[in-house]
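Quick note: the sequence shown, position 148, residue 148 per UniProt numbering, numbers continuous.
Where is the CB? At the ideal position from N, CA and C, for every residue including glycine.
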Amino acid sequence: MTALPSGPPPHGERGGARPPRAGRGSAKLLQGERGSLAIEAALVVPVVLGLLCLILVAGRAEQTAGTLQEAARTGARAGSLAPAGHEQSAATDAVNQLLTQSGVHCDGLQVAATVEQLAADPLPQDVRVDVSCKVPVNDLSPIWVPGALELQGTFRSVIDQYRST
1 MTALPSGPPP HGERGGARPP RAGRGSAKLL QGERGSLAIE AALVVPVVLG LLCLILVAGR
61 AEQTAGTLQE AARTGARAGS LAPAGHEQSA ATDAVNQLLT QSGVHCDGLQ VAATVEQLAA
121 DPLPQDVRVD VSCKVPVNDL SPIWVPGALE LQGTFRSVID QYRST
């Protein structure tokens, strides 16, 4: 007498369970999923590109704000070294030169240089330079965006006691 197998026969033998295979029945199940990747991509790609553009604009705006702060610093230093009474013109020239070299295009650039007393004694004094301008967002963005950002920078520099007078 032969012993009967206790479990189901191995795959491939008669009477055993067949592994599932892709056939007509499974194609009908997947038919409702056709084109869903294209729809998802059509919805997600513009959102991702929009976020990347927003990050790019924010980075460029921060870079331009840093350049404006650097222009204020340069203008204050130039004003502190200029002869007495010429602080404003020296600061304005230095700011304009730096912004031109940096490629920053401002609408309505305003440079204000003021000489301020630091103590009751006539010495020391400092030059404070305030720079503000409106930068079109279109200059910062890879795509056309309306509007402008108002950016500003301020810096103070102590007047050099040994400057030429």
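In terms of residues, what are the limits of the beta strand (DSSP E) holding residue i?
i, result
"Pro136", "125-136"
"Gly147", "From DSSP, Gly147 is part of no beta strand (DSSP E); its letter is neither H nor E."
Pop quiz: residue i and residue j are said to be a contact at Cβ under 8 Å. What is the actual Cβ separation, rounded to whole angstroms?
i, j, result
"Val104", "Thr64", "6 Å"
"Val127", "Ala71", "Wrong, their Cβ atoms sit about 14 Å apart, outside the cutoff."
"Gly79", "Val129", "6 Å"
"Val95", "Val111", "5 Å"
Taking the Cβ atom as the reference point for each residue, do residue i and residue j lie within a distance shorter than 9 Å?
i, j, result
"Gly108", "Thr92", "no"
"Gln125", "Val115", "yes"
"Val137", "Val57", "yes"
"Leu98", "Cys106", "no"
Look up residue i in the DSSP assignment and give the residues it is bridged to.
i, result
"Glu116", "Asp126"
"Leu151", "Cys133"
"Val111", "Val131"
"Arg156", "Arg128"
Which residues mark the beginning and the end of the alpha helix (DSSP H) in which residue i is found?
i, result
"Arg34", "Neither: Arg34 is in no alpha helix (DSSP H) and is coded neither H nor E."
"Gln88", "87-102"
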